[in-house]
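Trainee: In the working numbering, the protein residues as written are 7 to 288.
Input: one structure, supplied below.
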Amino acid sequence: MDINSLKLIYFSPTQTTKKIIEGIAQGIQIAAIEHVDLTPPDAGMRALTEMHDGLVIIGAPVYVGRLPTDMIRRFRRLKGNDTPAVIVVVYGNRAYEDALLELRDLALEAGFKPVAAGAFIGEHSLSTSAMPIAAGRPDEEDLGKAREFGKVIRKEIRNMQTIDGLMPLKVPGSFPYREPPAMPKISPVTQETVCIKCGRCALVCPTAAVTVRETVATEQSLCIRCCACVKNCPAEARVMEDPRIKQKTEQLFEDCRNRKEPETYLHPRQRGLSTSRSILTE
Ligand SMILES: Cc1cc2nc3c(=O)[nH]c(=O)nc-3n(C[C@H](O)[C@H](O)[C@H](O)COP(=O)(O)O)c2cc1C
């Protein structure tokens, strides 16, 4: 099969997912790349978009072992019409649990045909300089693996005659998906004496939860705790100061010290095999 265009579809408040799928795209080596960014709040209001040709890479971060609900809602405005897809989740070095399976099912439901899948690691949203969790990831090694994965996908697709009749790609995870624990309504706060009112926090918030006037207001019911506002604040005025989050961060820092590595999945070469291959760990 020949593929001439590539669409990158992603929800990525702190940009690690975006970096990974751009790395995969580099490896696939298709010049015509279009971005479909589901991160800004207005992505949920777009008209239904039909995809008809080329290849898509769909990327999402892992939130409590699942997909972010905003990502799911926004993604459902796309129709795949049998477009082949690479599906990718990015997680903060703890675990991705049912997120990749959920992404596969979401992609299938929207009419995409997953041909390859990956779980990569990105700096944890709660990582701080005092409590680093997968800090700086994806790093050069991760991006090298993303490019390598892209090259394998390119070869694999070239060798495919058709994607008609392709069995659903097997990925880890179980259904019914895990029920995420209810999240207490906690959001980052602004240290007003440090804040320079530049408005960057409001600009990067994927749910329009932040408003900057004389002071900075955060609508807790909208906040998804992605920490884009914290990571992008040039004055370091946005902080997570709730003791429950501090405790969670300490626990993650302790539990997630061991570096996890990317995992990737393709269809077995021989049809009918029941498991997918993990190509980077072969
Ligand atoms: C609400 C929330 C829940 C998260 N849950 C998990 C998780 O279950 N496992 C994990 O390893 N990382 C988890 N993370 C960390 C993110 O998956 C990780 O930081 C990811 O790289 C963020 O992607 P982005 O940079 O594209 O926004 C969570 C982050 C947030 C904000």
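Think of the CB as a built atom: it goes at the ideal place given N, C-alpha and C, for glycine as much as any other residue.
1. Unbroken beta strand (DSSP E) runs of length 3 or more, entirely within the stretch 98 to 165: which are they?
2. Any residues whose CB sits closer than 5 Å to a heavy atom of ligand 1? List them in chain order?
3. Give the DSSP-derived three-state secondary structure of Thr-45 in the structure shown.
4. Locate the alpha helix (DSSP H) running through Pro-249, then write down its first and last residues.
5. Looking at Ser-193 and Thr-224, is the spacing between their C-beta atoms short of 7 Å?
6. Once DSSP output is grouped into helix, strand and coil, what is the label at Thr-168?
7. Can you tell me whether Leu-73 is helix, strand or coil according to DSSP?
8. When DSSP labels each residue in this structure, what does Ala-215 get in the three-state scheme?
9. Skipping 5 residues on each side, what residues in its chain have a beta carbon closer than 7 Å to that of Gly-117?
10. Tell me the DSSP bridge mates of Pro-67?
11. Buried or exposed, going by whether 16 or more other CB atoms sit within 10 Å of the CB of Phe-126?
12. In the DSSP assignment, what are the bridge partners of Val-210?
13. Around the C-beta of Ile-110, are 16 or more other C-beta atoms found within 10 angstroms, so that it is buried, or is it exposed?
14. Report back the beta-carbon spacing between Lys-64 and Ile-34 to the nearest angstrom; my notes put them in contact at under 8 Å.
15. What are the boundary residues of the beta strand (DSSP E) that includes Ile-15?
16. How should Phe-155 be labelled, buried or exposed, when 16 other C-beta atoms within 10 angstroms of its C-beta is the threshold for buried?
17. Identify every residue that forms a DSSP beta bridge with Lys-85.
18. Shortest alpha-carbon distance to Pro-138 belongs to which of Gly-98, Ala-122, Gly-150?
19. Given 8 Å as the limit, is there contact between the stretch 16 to 35 and the stretch 56 to 71, that is, 3 or more CB pairs closer than that?
20. Looking at the strands, I want to know which residues DSSP matches up with Leu-228.
21. In its own chain, which residues sit with a C-beta less than 7 Å from the C-beta of Thr-221, not counting the 5 before and 5 after it?
22. Note down the Cα distance separating Ser-18 from Pro-47, rounded to an integer number of angstroms.
23. Thr-22 lies in the alpha helix (DSSP H); which residues open and close that run?
24. Quick one: Cα of Val-218 to Cα of Ala-208, how far?
25. Any contact between the stretch 179 to 189 and the stretch 49 to 64? By contact I mean 3 or more CB pairs, one from each, below 8 Å.
26. Just reading off the beta strand (DSSP E) that Tyr-271 is part of, what are its end residues?
Mentor: Looking at the coordinates:
1. 119 to 127
2. Ser-18, Pro-19, Thr-20, Thr-22, Thr-23, Pro-67, Val-68, Tyr-69, Val-70, Gly-71, Val-96, Tyr-97, Gly-98, Arg-100, Gly-128, His-130, Ser-131, Arg-231, Cys-232
3. In the sequence shown, the residue the question calls residue 45 occupies position 39. Coil.
4. Sequence index remark: in the sequence shown, residue 249 carries index 243 (1-based). First-last of the alpha helix (DSSP H) with Pro-249: 249 to 261.
5. Position 218 of the sequence shown, counting from 1, holds the residue named residue 224. Position 187 of the sequence shown, counting from 1, holds the residue named residue 193. Yes, the pair counts as a contact, with Cβ atoms nearer than the cut-off.
6. Taking the first residue of the sequence shown as 1, we reach residue 168 at position 162. Reduced to three states, the DSSP call for Thr-168 is coil.
7. Residue mapping note: residue 73 aligns to position 67 of the sequence shown, counting from 1. Leu-73: coil per DSSP, three-state reduction.
8. Walking along the sequence shown from the start, residue 215 turns up at place 209. Ala-215: coil per DSSP, three-state reduction.
9. In the sequence shown, the residue the question calls residue 117 occupies position 111. Excluding sequence neighbours, Gly-117 sits near Lys-85, Gly-86, Asn-87, Asp-88.
10. Counted from its first residue, the sequence shown places residue 67 at position 61. Beta-bridge pairing links Pro-67 to Val-96.
11. Taking the first residue of the sequence shown as position 1, residue 126 is located at position 120. Result: buried.
12. Here residue 210 refers to the residue found at position 204 when the sequence shown is read from its first residue. According to DSSP, Val-210 bridges with nothing at all.
13. By one-based count along the sequence shown, residue 110 stands at place 104. Note that residue 110 is Arg in the sequence shown, not Ile. With 16 or more Cβ atoms within 10 Å of its Cβ, Arg-110 is classed as buried.
14. Along the sequence shown, one-based indexing puts residue 64 at 58. Along the sequence shown, one-based indexing puts residue 34 at 28. For the record, residue 64 in the displayed sequence is Ile; it is not Lys. With a Cβ gap of about 14 Å, Ile-64 and Ile-34 do not count as contacting.
15. For the purposes of this step, residue 15 is identified with residue 9 of the sequence shown, where counting begins at 1. Counting along the chain, the beta strand (DSSP E) containing Ile-15 begins and ends at 11 to 16.
16. As a position in the sequence shown, residue 155 is number 149, starting the count at 1. Looking at its Cβ environment, which holds 16 or more other Cβ atoms inside 10 Å, Phe-155 is buried.
17. For this step, residue 85 is matched to residue 79 along the sequence shown. Partner(s): Glu-56.
18. Counting from one through the sequence shown, the residue named residue 138 turns up at place 132. That would be Gly-98, whose Cα lies nearest to the Cα of Pro-138.
19. yes
20. The sequence position of residue 228 within the sequence shown is 222, counting from 1. In DSSP, Leu-228 forms no bridge with anything.
21. Within the sequence shown, the letter at position 215 stands for residue 221. Exclusion of the five residues before and after Thr-221 leaves Glu-198 as the residues of its chain whose Cβ lies within less than 7 Å of its Cβ.
22. In the sequence shown, the residue the question calls residue 18 occupies position 12. In the sequence shown, the residue the question calls residue 47 occupies position 41. Distance between Ser-18 and Pro-47, taken at the CA atoms: about 12 Å.
23. As a first step, residue 22 is located in the sequence shown; it is residue number 16 there, counting from the start. Boundaries of the alpha helix (DSSP H) around Thr-22: 22 to 34.
24. Working through the sequence shown from its first residue, we reach residue 218 at position 212. Working through the sequence shown from its first residue, we reach residue 208 at position 202. Val-218 and Ala-208: Cα-Cα distance of roughly 7 Å.
25. no
26. One-based indexing of the sequence shown puts residue 271 at position 265. Unbroken beta strand (DSSP E) run through Tyr-271: 269 to 272.
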